[in-house]
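Protein chains: 2
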Amino acid sequence: MGDALRLLVDRIAAPIGELVVVADLQGRLRAVDWTDHESRMLRLLDIHYGPGGHVLEPESDPGGLSTALAAYFAGALDAIRGLPVETGGSAFQRGVWAALRGIPCGGTITYGELARRIGRPGAARAVGLANGANPVGVVVPCHRVLGADGSLTGYGGGIERKRWLLEHERGSVRQ
Amino acid sequence: MGDALRLLVDRIAAPIGELVVVADLQGRLRAVDWTDHESRMLRLLDIHYGPGGHVLEPESDPGGLSTALAAYFAGALDAIRGLPVETGGSAFQRGVWAALRGIPCGGTITYGELARRIGRPGAARAVGLANGANPVGVVVPCHRVLGADGSLTGYGGGIERKRWLLEHERGSVRQ
DNA sequence: CCGGCGCTCGCGGTTTTCGGACGTGGTCAC
DNA sequence: GTGACCACGTCCGAAAACCGCGAGCGCCGG
Chain L
7 MGDALRLLVD RIAAPIGELV VVADLQGRLR AVDWTDHESR MLRLLDIHYG
57 PGGHVLEPES DPGGLSTALA AYFAGALDAI RGLPVETGGS AFQRGVWAAL
107 RGIPCGGTIT YGELARRIGR PGAARAVGLA NGANPVGVVV PCHRVLGADG
157 SLTGYGGGIE RKRWLLEHER GSVRQ
Chain V
7 MGDALRLLVD RIAAPIGELV VVADLQGRLR AVDWTDHESR MLRLLDIHYG
57 PGGHVLEPES DPGGLSTALA AYFAGALDAI RGLPVETGGS AFQRGVWAAL
107 RGIPCGGTIT YGELARRIGR PGAARAVGLA NGANPVGVVV PCHRVLGADG
157 SLTGYGGGIE RKRWLLEHER GSVRQ
């Protein structure tokens with residue numbers, strides 16, 4: 007297993023819980039999730055890189071990513087905008103996640119509209135599925151997707167956090 | 007939208023406010039309302055013909071209807087008697103509106119009596135509802151309907167106008 | 001006693017709201 | 001392959017709310 011993917015792990019405190027930050031040696035984000043849902047994150051890593059295909063090593067503020075995330079929670083919403091992200095996943099999923107990064111901070115979109123935007127009208131439900139499979143929470147803003155009627159419908163880390171994030175972004179943007 | 011219903015719009019002054027007159031290309035009245043309640047009229051048009059199902063074009067005295075209405079306000083009450091009217095609405099509503107035109111000028115009727123007259127005794131309250139949904143004010147004389155105790159109860163354009171219209175019709179008839 | 005007033009309740013058509021039944025498209029497990 | 005999941009969206013039918021009413025009652029002051 008000498009060729010296993012080496013990943014650096016850090017943890018930071020946020021107002022709504024502790025975050026796990028996973029980066030590669032090139033300083034690209036590979037995963038972000040809440041520590042109380044860490045098992046889900048580990049499962050996603052296994053799916054993307056294979057069980058045993060990666061090793062986790064503690065590291066303080068790898069690539070400055072932890073600092074950027076902390077800044078975001080402190081109110082500097084732009085701090086996470088251009089952060090480098092690298093993921094596995096199917097072509098469809100990567101398309102969804104790429105589209106997610108196009109949603110401006112403080113804005114929202116519906117599952118159906120996002121499906122249309124990636125050229126797959128009618129795949130709204132599949133978008134929800136891909137959303138739930140997003141390994142990089144917060145930075146890839148899956149929380150900015152709402153139901154057609156404006157309902158929050160669901161979020162891997164818990165609806166309450168989704169609500170908090172939207173409120174945080176909407177409030178700080180002061181629109 | 008090439009098949010949208012084309013409607014001609016005119017405005018005339020009356021002693022109690024300005025009126026909007028809407029006619030079709032065949033010279034039939036489609037709507038009449040007070041300008042200060044124009045939004046209500048537009049909503050009714052949307053309900054009857056669908057949003058975007060009609061286009062409004064300014065036109066002076068379409069089909070001579072404006073002239074007829076002005077004559078009515080000047081004292082020639084008969085001027086609006088036989089005016090052609092065309093509306094949408096449910097079967098019940100059209101029944102109510104047809105019955106309204108049977109009320110002689112200068113006369114009145116109660117909601118309950120009107121209900122009985124169209125074969126729906128007990129539907130007095132529904133008659134009130136249909137009355138409020140009448141798109142062709144004045145010409146379809148919804149103002150001639152009173153409560154069982156003679157009270158004026160209500161009128162889309164304001165009770166004051168209802169009182170004025172009844173007074174106008176009663177006075178000029180000189181009964 | 002009698003008339004008037006105000007309240008309550010039943011009324012019927014329309015509109016709005018709500019919930020459940022589909023159709024949907026991509027994933028994952030056999 | 002095939003079938004079963006779902007962080008959806010649309011449609012349809014039932015139920016409830018909404019009112020430009022009217023009749024029935026109890027209450028009160030002549």
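In the order they appear, the protein sequences are chains L and V.
Numbering of the first sequence is given in our numbering, commencing with residue 7 and proceeding in unit increments.
Numbering of the second sequence is given in our numbering, commencing with residue 7 and proceeding in unit increments.
Think of the CB as a built atom: it goes at the ideal place given N, C-alpha and C, for glycine as much as any other residue.
1) Please state the DSSP three-state secondary structure of V:Arg100.
2) Among L:Val91, L:Ala74, L:Leu135, L:Gly70, whose alpha-carbon lies nearest the alpha-carbon of L:Ala104?
3) Given a cut-off of 8 Å, decide if L:Asp16 and L:Val27 are closer than it, judged by their beta-carbon atoms.
4) Less than 8 Å separating the beta-carbons of L:His149 and L:Leu172?
5) Output the distance between the C-alpha atoms of L:Gly164 and L:Gly23, rounded to the nearest integer angstrom.
6) Alpha carbon to alpha carbon, how far is V:Asp52 from V:Thr73?
7) Specify, as a first and last residue, the run of the alpha helix (DSSP H) that L:Gly153 falls within.
8) What three-state label does DSSP hand L:Leu35 in the structure shown?
9) Within the same chain, show all residues whose beta-carbon is closer than 8 Å to that of V:Leu71, passing over the 5 residues directly before and after it, in chain order.
10) Take V:Gln181 and list the residues in its own chain whose beta-carbon comes closer than 7 Å to its own, dropping the five residues that flank it on each side.
11) Which of helix, strand or coil does DSSP assign to L:Thr114?
12) Measuring alpha carbon to alpha carbon, tell me which of L:Gly108, L:Ser96, L:Val142, L:Asn137 ends up nearest L:Leu48.
13) Please check the pair V:Leu69 and V:Ala10, which I expect to be a contact at CB under 8 Å, by giving their CB distance rounded to whole angstroms.
14) How about L:Leu50 and L:Ala139: are their beta carbons less than 8 Å apart?
15) Would you tell me roughly how many angstroms separate the C-alpha atoms of V:Met7 and V:Leu62, rounded to the nearest one?
16) Which of the three DSSP states, helix, strand or coil, is assigned to V:Gln181?
17) What span of residues does the beta strand (DSSP E) with V:His60 cover, start to end?
18) Buried or exposed for V:Ala82, going by 16 or more other Cβ atoms inside 10 Å?
19) Helix, strand or coil: which one does DSSP assign to V:Ala77?
20) For the beta strand (DSSP E) containing L:Ile18, name the first residue and the last one.
21) How big is the Cα-Cα spacing for V:Lys3 and L:Glu119?
22) Restricting to Cα atoms, I'd like to know which of V:Thr116, V:Glu65, V:Ile109 is closest to V:Val133.
23) Is V:Val28 helix, strand or coil by DSSP?
24) Which same chain residues, not among the five before or five after V:Ala85, have their C-beta less than 7 Å away from its C-beta?
25) Three-state secondary structure (DSSP) at V:Met7?
26) Pick from L:Glu175, L:Phe98, L:Gly94: whose alpha carbon is nearest that of L:Pro127?
27) Does the beta-carbon of V:Pro64 have 16 or more other beta-carbons within 10 angstroms, so that it is buried, or is it exposed?
28) Per the DSSP calculation, L:Gly23 is bridged to which residue(s)?
29) What do you reckon, are the CB atoms on L:Pro147 and L:Ile109 nearer than 8 Å?
30) Using only the alpha-carbon positions, how far apart do L:Arg107 and V:Ala37 sit?
31) Out of L:Gly162, L:Leu31, L:Leu152, point me to the one whose CA is closest to L:Glu44's CA.
32) Report all residues from its chain with a CB closer than 7 Å to the CB of L:Gly94; omit the five preceding and five following residues, and keep chain order.
33) Do you know how far the Cα of V:Asp67 is from the Cα of V:Arg122?
Concretely, from the data shown:
1) helix
2) L:Val91
3) Yes, the Cβ-Cβ distance between L:Val27 and L:Asp16 is below 8 Å.
4) yes
5) 11 Å
6) 26 Å
7) Boundaries for L:Gly153: no alpha helix (DSSP H) harbours it, and the DSSP string shows neither H nor E there.
8) Residue state, collapsed to three classes: strand.
9) Asp16, Val27, Ala29, Gly33, Leu35, Leu89
10) Its pLDDT being 49, under 50, V:Gln181 is placed unreliably by the model, and the measurement read from it follows with that caveat. Only Gly112 meet the Cβ criterion.
11) coil
12) L:Val142
13) Inspection of the sequence shows that residue 69 of chain V is occupied by Gly rather than by Leu. V:Gly69 to V:Ala10, Cβ: 19 Å. No contact.
14) yes
15) Residue confidence for V:Met7 is low, a pLDDT of 48 falling below 50, so the modelled location carries little weight; the figure read from the coordinates is stated next. If you take the alpha carbons of V:Met7 and V:Leu62, they lie about 13 Å apart.
16) Annotation note: pLDDT 49 at V:Gln181 (below 50); position unreliable, no value reported.
17) Residue range 60–64 is occupied by the beta strand (DSSP E) that includes V:His60.
18) Taking a 10 Å sphere around the C-beta of V:Ala82, we find fewer than 16 other C-beta atoms and assign the residue as exposed.
19) helix
20) 11–20
21) With chain V covering 7 to 181 only, the question about residue 3 of chain V has no answer from this structure.
22) V:Thr116
23) strand
24) Ala74, Ala77, Tyr78
25) Only weak support exists for where V:Met7 lies, its pLDDT of 48 falling under 50; the value from the coordinates is given anyway. In the structure shown, V:Met7 sits in coil (DSSP, three-state: anything other than H, G, I, E or B).
26) Of the candidates L:Glu175, L:Phe98, L:Gly94, the one whose C-alpha sits nearest the C-alpha of L:Pro127 is L:Phe98.
27) With fewer than 16 other Cβ atoms within 10 Å, it is exposed.
28) L:Ala20
29) yes
30) In this structure, the CA atom of L:Arg107 is about 50 Å from the CA atom of V:Ala37.
31) L:Gly162
32) Around L:Gly94: His54, Tyr55.
33) 37 Å
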